[in-house]
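Asker: Below you'll find the structure I mean.
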């Protein structure tokens, strides 16, 4: 079975040869055992729950994205007002940005390690990311007017484009492609970590400094995030075919949201570099 570059999809429980046997990503433990009643050829959900459908995935993902957008737009507007009034980035704005980042990270880890779907936690994660991205976008918007809308349009365009590519079969999700994408994600994460250490310790920030290397790195990350959607879509299809309960659509929505957040950040960064 193919695995996904998205840790949310790589720790799913299951029976023999199901999602629980996907290799664990770096830093995560592979789940042991399985969920009774689920596995290949078993399309039966637990009592009181029905098998997951495409509509469930669309609705849950739409709800999560809607919460993130609502919180993000409100926060971005508030951020621009604060910057316009003070002429600088106020501490409250930085606090909101940091708070959203930390809460989003903690909630995402809880969801991944619990290995159970949760609507409230998924919506909380979406709200936290909306707060973080909204505050960050507000700062960028104050410096580069119109950049946030461009980043949103770019993110939506990439998402729709990769969905069309997946549905038409223009690019097949093969084991070889999966290995390449997973390896690229891990490689990008390692480079980001070393760049962060280099920035903090030596003040050397080649991957995020806005130069040629930073532009190339952002383009590469955008490409990796785009192809990660193919693996996410494929995993969602497999969950539906395996007959996972409808509540697992929340887990799928969470996984797609993590990729969307990463993609938006990279597009926002790239646009800011190009504006320079």
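In the working numbering, the protein residues as written are -11 to 264.
For glycine and all other residues, C-beta sits at the position ideal for the given N, C-alpha and C.
1. May I have the straight-line CA-CA distance separating residue 75 from residue 131, to the nearest angstrom?
2. Per DSSP, which residues does residue 39 bridge with? Please list them.
3. If you count every other CB in all the chains shown that lies within 10 Å of the CB of residue 191, and 16 or more means buried, which is it?
4. Assuming residue 256 contacts residue 135 under a Cβ cut-off of 8 Å, what Cβ separation, rounded to an integer in Å, is found between them?
5. Three-state secondary structure (DSSP) at residue 68?
6. Helix, strand or coil: which one does DSSP assign to residue 169?
7. Here's the rule I'm using: 16 or more other beta-carbon atoms within 10 Å means buried, otherwise exposed. How should residue 162 be labelled?
8. Beta-carbon within less than 7 Å of residue 84's beta-carbon, same chain only, minus the 5 sequence neighbours each way: which residues are those?
9. Tell me which same chain residues have a C-beta within less than 8 Å of the C-beta of residue 218, skipping the five on either side of it?
10. Between the C-alpha atoms of residue 198 and residue 206, what's the straight-line distance to the nearest angstrom?
11. Could you check the C-alpha separation between residue 185 and residue 233 for me, to the nearest Å?
12. Can you give me the start and stop residues for the alpha helix (DSSP H) that residue 76 sits inside?
13. Quick one, which of 261, 86, 48 has its alpha-carbon nearest residue 244's?
14. I need the boundaries of the alpha helix (DSSP H) containing residue 162, first residue and last residue.
15. Less than 8 Å separating the beta-carbons of residue 235 and residue 105?
16. Sorted by chain position, which residues of the same chain lie with C-beta nearer than 6 Å to residue 117's C-beta, five sequence neighbours on each side aside?
17. Please go through the same chain and pick out, in chain order, the residues whose beta-carbon is closer than 6 Å to the beta-carbon of residue 112, but skip the five residues on each side of it.
18. By Cβ distance below 8 Å, which residues in the same chain neighbour residue 145 in space, the five residues on each side in sequence not counted?
19. When the Cα atoms are used, what is the spatial distance from residue 224 to residue 73?
20. Which runs of the alpha helix (DSSP H) fall wholly inside the segment 95 to 148 and span at least 4 residues, in chain order?
Answerer: Reading off the structure:
1. Residue 75 and residue 131 have their C-alpha atoms roughly 11 Å apart.
2. Residue 39 is bridged by DSSP to 233.
3. So residue 191 ends up on the exposed side.
4. The C-beta distance from residue 256 to residue 135 rounds to 7 Å, short enough to meet the 8 Å contact threshold.
5. In the structure shown, residue 68 sits in a helix (DSSP, three-state: H, G or I).
6. In the structure shown, residue 169 sits in a helix (DSSP, three-state: H, G or I).
7. Counting Cβ neighbours within 10 Å, residue 162 comes out exposed, since fewer than 16 surround it.
8. Once the five neighbours on either side are set aside, the close Cβ partners of residue 84 are 63, 119, 123.
9. Listed in chain order, the non-local C-beta contacts of residue 218 below 8 Å within the same chain comprise 150, 153, 154, 159, 161, 165, 169, local neighbours out to five positions each way being set aside.
10. Spanning the two alpha carbons is a distance of roughly 10 Å.
11. In this structure, the straight-line span from the alpha carbon of residue 185 to that of residue 233 is close to 42 Å.
12. Looking at the DSSP string, residue 76 is not in any alpha helix (DSSP H), and its letter there is neither H nor E.
13. Ranked by Cα distance from residue 244, the options 261, 86, 48 are led by 48.
14. From DSSP, residue 162 is part of no alpha helix (DSSP H); its letter is neither H nor E.
15. Contact check for residue 235 against residue 105 passes: the beta carbons are separated by less than 8 Å.
16. When the five nearest sequence neighbours on each side are left out, the beta carbons in the same chain lying within less than 6 Å of the beta carbon of residue 117 are those of 56, 92, 249, in order along the chain.
17. Here residue 112 has 95 as same chain residues with Cβ atoms under 6 Å from its own Cβ, once five neighbours each way along the sequence are excluded.
18. Nothing meets the Cβ criterion.
19. Straight-line spacing of the CA atoms in residue 224 and residue 73 works out to 46 Å.
20. Fully enclosed alpha helix (DSSP H) runs of 4 or longer: 107 to 131.
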